[in-house]
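Our numbering puts the last residue of the sequence shown at 137; the count rises by one with no breaks. Yeah, the Cβ is synthetic: ideal placement off N, Cα and C, and Gly gets one too. These notes are about the structure you will find just below.
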Amino acid sequence: MGMLMCGEIGQEMNKSAEKLNEVMMKVVTLVMDFAPIGVFFLIAKTFSEQGFGLIVPMLGYFSVVIVCLLLHTFGTLSLLLALFAKLSPIIFIKKCALCMFLPLVLPVPMPPSRSPCKWLKNV
Numbered sequence: 015m016g017m018l019m020c021g022e023i024g025q026e027m028n029k030s031a032e033k034l035n036e037v038m039m040k041v042v043t044l045v046m047d048f049a050p051i052g053v054f055f056l057i058a059k060t061f062s063e064q065g066f067g068l069i070v071p072m073l074g075y076f077s078v079v080i081v082c083l084l085l086h087t088f089g090t091l092s093l094l095l096a097l098f099a100k101l102s103p104i105i106f107i108k109k110c111a112l113c114m115f116l117p118l119v120l121p122v123p124m125p126p127s128r129s130p131c132k133w134l135k136n137v
């Protein structure tokens, strides 16, 4: 508010803040792009130091997480849709299946205008 009240100097500071924001967003994007590579190498280092016997307990953990996520999706979400939104969970999941599972097979960001999910175009 104070920057805008200062006139031209405030506008210059506002432009500088916008430029700094853009730089920070690029830095965050770079970190997010390289994070999976770093995680891969951390996991590779852990397995090289502790052996592949570590995979079995981790597979158990991963399977528990996946089962819980599926229960949450098809249990909790279905209950909330039926109770509060008065929607059929089966119809909702069928209509949203492509939008929910597309990122699993296509890990590329897609602009809403090209998305197969028609409701995204209105956002």
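What is the rounded straight-line gap between the Cα of residue i and the Cα of residue j?
i, j, result
"Asn-28", "Met-46", "27 Å"
"Lys-109", "Pro-103", "10 Å"
"Met-4", "Phe-98", "Coverage of the chain is limited to positions 15 through 137, which leaves residue 4 absent and any answer about it impossible."
"Lys-33", "Glu-26", "11 Å"
"Gly-21", "Met-15", "11 Å"
"Leu-83", "Ala-58", "26 Å"
What is the DSSP secondary structure of residue i, reduced to helix, strand or coil?
i, result
"Met-15", "coil"
"Leu-34", "helix"
"Cys-20", "coil"
"Lys-100", "coil"
"Leu-112", "helix"
"Leu-118", "helix"
"Gln-25", "helix"
"Val-41", "helix"
Between residue i and residue j, is the Cβ-Cβ spacing less than 8 Å?
i, j, result
"Leu-68", "Phe-76", "no"
"Leu-95", "Leu-101", "yes"
request  = Taking only runs that begin and end inside the region 48-98, name each unbroken alpha helix (DSSP H) of 4 or more residues, in chain order.
outcome  = 69-85 and 91-94
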